[in-house]
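**Q** Heads up: the protein sequence lines correspond to chains A and B, in order.
Position 166 (the first sequence) corresponds to 166 in the numbering used here; numbering is contiguous.
With the second sequence counted from 1, adding 1000 to any position gets you the numbering used here.
Once you've had a glance at the structure underneath, I'll fire off some questions.
Protein chains: 2
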Amino acid sequence: MGTPLSRDPIAEARRNWEEHGWADVAAPMAAITAIMRTQQILLARIESTLKPFGLTFARYELLALLSFTRKGSLPMNKASALLQVHPTSITNAVDRLERAGLVDRSPHPTDGRTTLIELTTAGRTLAKRSTAALNAEVFSAPGFDPGDVDHLIRILGAFRRNAGDFEE
Amino acid sequence: MGTPLSRDPIAEARRNWEEHGWADVAAPMAAITAIMRTQQILLARIESTLKPFGLTFARYELLALLSFTRKGSLPMNKASALLQVHPTSITNAVDRLERAGLVDRSPHPTDGRTTLIELTTAGRTLAKRSTAALNAEVFSAPGFDPGDVDHLIRILGAFRRNAGDFEE
DNA sequence: TGAATATACTAGGACATCCAATGGTTGGGC
DNA sequence: GCCCAACCATTGGATGTCCTAGTATATTCA
C-alpha cells in the first residue's frame, strides 16, 4: 500500500490518546489497533499465496476443515460453528466451491433440514497442495520471534476463552 | 453466531497440523489463526458500539484521524497512507461521510490533483462522542490481562516493523 | 518547451461479511 | 396425532476491501 512511514502510526495514535486525557485506555487502544493491522498484513500474505490456486482464505478454511474430517463431509451448520462465521458466509463459500468442482452438496440422510458438504477428489487434492503452499510461504516464516509465538497463543487463547469462543 | 464450543477450535487445528507431519509450522499457524479470530471478535465489539452513531469502524477511523489534525483537514492520499488502506477505500468512506454531512471535500490550494477532506462541525462533534463511547465500552475493558497488553504492543510492533509498516 | 513519466482520485467489478426476512423441516408438549 | 416453537439454509440488501483501468494534473528531462 505504499512506502514505509517514518513513524509508527499506532504509537502516534497512542500519543494522541494520552494528550487528550485518555491515558488510562491508551495502551489497550494501541494493542487493539495493532491486532487489526497485523491481521490485515497476515491476511494479505495468505490471500496472495492462495491466489494461484483460485482460492480465497474463506474458501480455503472450509476446504481445509473438510479435509480433516474422517469422511470429508460436514453439515453446513457444523461448518458455520467450527469456523465461527455466519451461516450466510458458508452458503456463499459453498456456492463458489461447488461451482469450481471442489465440493458437492448432498441431503442429510436423516434430517431434512440440513445439507452436507462433501469434498470431491479435486477438492481434496487442492486442499493438500494449497496447505503445503501456506506452510512453505507463510507459516514457516511468520515474522514473529520464535519465543513470541507461544506468548501470542497463550494471550490470545485466554482472550478468546474470555470472549466466549469456547469453554474448558 | 452461536454457543461456545466445547473445545478450542484453534487448538484442534494445531493438533491436526501436528498429526499430518507439519509440526514445525503448527505453532505459527495457530498464532496466526488466533490473530484472525481475535480481530473478528474485537471488530464486532467496535462495530456494535459505533452502530448507534451511524458509523462503521472504517468511517470512524477516518473521522478520528481528521479530528487529531490541527486544521481538521487532510489530503486523501495522506489519509490512505496513515490508515494504511487502499485509496479506493478512502474514496468510499469519504463518499458516505460526506453524504452524512460529517466531512466536506475541497480542492487543494496548490496541487490540482489532490482533494482535501475537511471535518464539519457535526463531524467533529460525532468524533468526540463516538471516541468516548469506544473508550468506555471497548478499550477500558478489552478482555486482556493488563500485563499482556504491553506484551502484545511489543510483539505486534516488532512484527509490523518487520513487515515494512514503518521504520526506525 | 514538449513529451514521457509519476501522482491523485474515481469508476466498475469481484469477493466476503453481516443483518433481516423467507420457506421448509423437526420434534416436544398437549 | 397435531401444532407451534426452534432450527436450517437461502435470498436480497448494505458495507468494506482490493483490483484494474481511466481521467486529470504535476513533474522531470531531453
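Think of the CB as a built atom: it goes at the ideal place given N, C-alpha and C, for glycine as much as any other residue.
Inspect the CB distances between the segment 133–140 of chain A and the segment 47–54 of chain A and report whether three or more fall short of 8 Å.
**A** Because the criterion of three Cβ pairs below 8 Å is met, the segment 133–140 of chain A and the segment 47–54 of chain A touch.
**Q** In this structure, does DSSP put residue 1166 of chain B in helix, strand or coil?
**A** One-based indexing of the second sequence puts residue 1166 of chain B at position 166. Correct three-state label for residue 1166 of chain B: strand.
**Q** What residue from B/1058, B/1024, B/1150, B/1021 has the CA that sits closest to residue 1094 of chain B's CA?
**A** By one-based count along the second sequence, residue 1094 of chain B stands at place 94. With distances taken between Cα atoms, residue 1094 of chain B lies closest to B/1058.
**Q** Please list, in chain order, the chain B residues whose beta carbon lies closer than 7 Å to that of residue 235 of chain A.
**A** Nothing can be reported for residue 235 of chain A, as the shown portion of chain A is limited to 1 through 168.
**Q** So the candidates are B/1056, B/1168, B/1026, B/1138; which of them puts its Cα closest to the Cα of residue 1045 of chain B?
**A** Position 45 of the second sequence, counting from 1, holds the residue named residue 1045 of chain B. Looking at the Cα atoms, B/1138 is the closest of the given residues.
**Q** Measuring CA to CA, which of B/1146, B/1055, B/1031, B/1020 is closest to residue 1097 of chain B?
**A** As a position in the second sequence, residue 1097 of chain B is number 97, starting the count at 1. Nearest option by C-alpha distance: B/1055.
**Q** Does the beta carbon of residue 1008 of chain B sit closer than 8 Å to a beta carbon anywhere in chain A?
**A** The residue you call residue 1008 of chain B lines up with position 8 of the second sequence. Yes, residue 1008 of chain B counts as interfacial toward chain A.
**Q** Hey, would you say residue 1089 of chain B sits closer than 8 Å to residue 1116 of chain B, going by beta carbons?
**A** Here residue 1089 of chain B refers to the residue found at position 89 of the second sequence. Here residue 1116 of chain B refers to the residue found at position 116 of the second sequence. For residue 1089 of chain B and residue 1116 of chain B, no; Cβs fall outside 8 Å.
**Q** Quick check on the DSSP output: the beta strand (DSSP E) that includes residue 104 of chain A runs from which residue to which?
**A** One-based indexing of the first sequence puts residue 104 of chain A at position 104. 103–107 is the span of the beta strand (DSSP E), which, as asked, contains residue 104 of chain A.
**Q** Using a Cβ cut-off of 8 Å, pull out every chain B residue sitting near residue 145 of chain A, in sequence order please.
**A** Residue mapping note: residue 145 of chain A aligns to position 145 of the first sequence, counting from 1. Result: 1155, 1158.
**Q** Mind reading off the beta-carbon distance from residue 75 of chain A to residue 1144 of chain B? Whole number of angstroms is fine, and I expect it under 8 Å.
**A** Here residue 75 of chain A refers to the residue found at position 75 of the first sequence. Here residue 1144 of chain B refers to the residue found at position 144 of the second sequence. Actually they are not in contact, since the Cβ atoms of residue 75 of chain A and residue 1144 of chain B sit about 34 Å apart, beyond 8 Å.
**Q** Taking residue 78 of chain A as the reference, give the member of A/124, A/129, A/100, A/113 with the closest Cα.
**A** Locating residue 78 of chain A in the first sequence gives position 78, counting from the first residue. Cα-wise, what sits closest to residue 78 of chain A is A/113.
**Q** Can you tell me whether residue 111 of chain A is buried or exposed? The criterion is at least 16 other CB atoms within 10 Å of its CB, across all chains shown.
**A** Residue 111 of chain A sits at position 111 when you count from the first residue of the first sequence. So residue 111 of chain A counts as exposed.
**Q** According to DSSP, what are the bridge partners of residue 1117 of chain B?
**A** Sequence index remark: in the second sequence, residue 1117 of chain B carries index 117 (1-based). According to DSSP, residue 1117 of chain B bridges with B/1074, B/1105.
**Q** Which word fits residue 1007 of chain B, buried or exposed, when buried means at least 16 other C-beta atoms lie within 10 angstroms of its C-beta?
**A** The residue labelled residue 1007 of chain B in the question sits at position 7 within the second sequence. With fewer than 16 Cβ atoms within 10 Å of its Cβ, residue 1007 of chain B is classed as exposed.
**Q** Would you verify that the beta carbon of residue 16 of chain A is, or is not, closer than 8 Å to some beta carbon of chain B?
**A** Position 16 of the first sequence, counted from the start, is the residue given in the question as residue 16 of chain A. So, interface residue.
**Q** Could you work out which residue in B/1015, B/1025, B/1024, B/1010 is closest to residue 1034 of chain B when comparing CA atoms only?
**A** The count along the second sequence starts at 1 and reaches residue 1034 of chain B at position 34. When each option's Cα is compared against that of residue 1034 of chain B, the closest is B/1010.
**Q** Is there at least one Cβ from chain A nearer than 8 Å to residue 1082 of chain B's Cβ?
**A** Residue 1082 of chain B sits at position 82 when you count from the first residue of the second sequence. Output row for residue 1082 of chain B: interface = yes.
**Q** If residue 1031 of chain B sits next to residue 149 of chain A, beta carbons under 8 Å apart, how far is it from one beta carbon to the other, in whole angstroms?
**A** Stepping through the second sequence from its first residue, residue 1031 of chain B is reached at position 31. Stepping through the first sequence from its first residue, residue 149 of chain A is reached at position 149. Sure, about 5 Å apart at Cβ, within 8 Å.
**Q** Going by the beta-carbon positions, is the gap between residue 1083 of chain B and residue 1063 of chain B smaller than 8 Å?
**A** For the purposes of this step, residue 1083 of chain B is taken as residue 83 along the second sequence, with counting starting at 1. For the purposes of this step, residue 1063 of chain B is taken as residue 63 along the second sequence, with counting starting at 1. No.
**Q** Using the DSSP secondary-structure output, state which residues sit across from residue 1005 of chain B in a beta bridge.
**A** One-based indexing of the second sequence puts residue 1005 of chain B at position 5. A/166.
**Q** At a CB-CB cut-off below 9 Å, which residues of chain A make contact with residue 1029 of chain B?
**A** As a working note, residue 1029 of chain B is residue 29 in the second sequence. Residues of chain A passing the Cβ test: 134, 135, 138, 139, 142.
**Q** For residue 1121 of chain B, which residues in chain A fall below 9 Å Cβ to Cβ?
**A** Sequence index remark: in the second sequence, residue 1121 of chain B carries index 121 (1-based). By Cβ distance, chain A contributes nothing, its closest Cβ being about 19 Å from residue 1121 of chain B, past 9 Å.
**Q** Check whether the Cβ of residue 1162 of chain B lies closer than 8 Å to any Cβ atom in chain A.
**A** The residue given as residue 1162 of chain B occupies position 162 in the second sequence. Cβ-Cβ to chain A under 8 Å: yes for residue 1162 of chain B.
**Q** Report back the beta-carbon spacing between residue 119 of chain A and residue 67 of chain A to the nearest angstrom; my notes put them in contact at under 8 Å.
**A** Counted from its first residue, the first sequence places residue 119 of chain A at position 119. Counted from its first residue, the first sequence places residue 67 of chain A at position 67. Correct: roughly 6 Å between the Cβ atoms.
**Q** What residues from the segment 32–44 of chain A come within 8 Å of chain B, judged by C-beta to C-beta, listed N to C?
**A** Listed by position, the residues of the segment 32–44 of chain A near chain B (Cβ gap below 8 Å) are 32, 34, 35, 36, 37, 38, 39, 40, 41, 42, 43.
**Q** In its own chain, which residues sit with a C-beta less than 8 Å from the C-beta of residue 108 of chain A, not counting the 5 before and 5 after it?
**A** Residue numbering aside, residue 108 of chain A sits at position 108 when the first sequence is read from its first letter. Excluding positions up to five away in sequence, the list reads 75, 114, 115, 116.
**Q** On the criterion of 16 or more Cβ atoms from any shown chain inside 10 Å, does residue 142 of chain A qualify as buried, or is it exposed?
**A** Residue numbering aside, residue 142 of chain A sits at position 142 when the first sequence is read from its first letter. Its Cβ being crowded by 16 or more others within 10 Å, residue 142 of chain A is buried.
**Q** Check whether the Cβ atoms of residue 37 of chain A and residue 1037 of chain B sit closer than 8 Å, and answer yes or no.
**A** The sequence position of residue 37 of chain A within the first sequence is 37, counting from 1. The sequence position of residue 1037 of chain B within the second sequence is 37, counting from 1. No, the Cβ-Cβ distance between residue 37 of chain A and residue 1037 of chain B is not below 8 Å.
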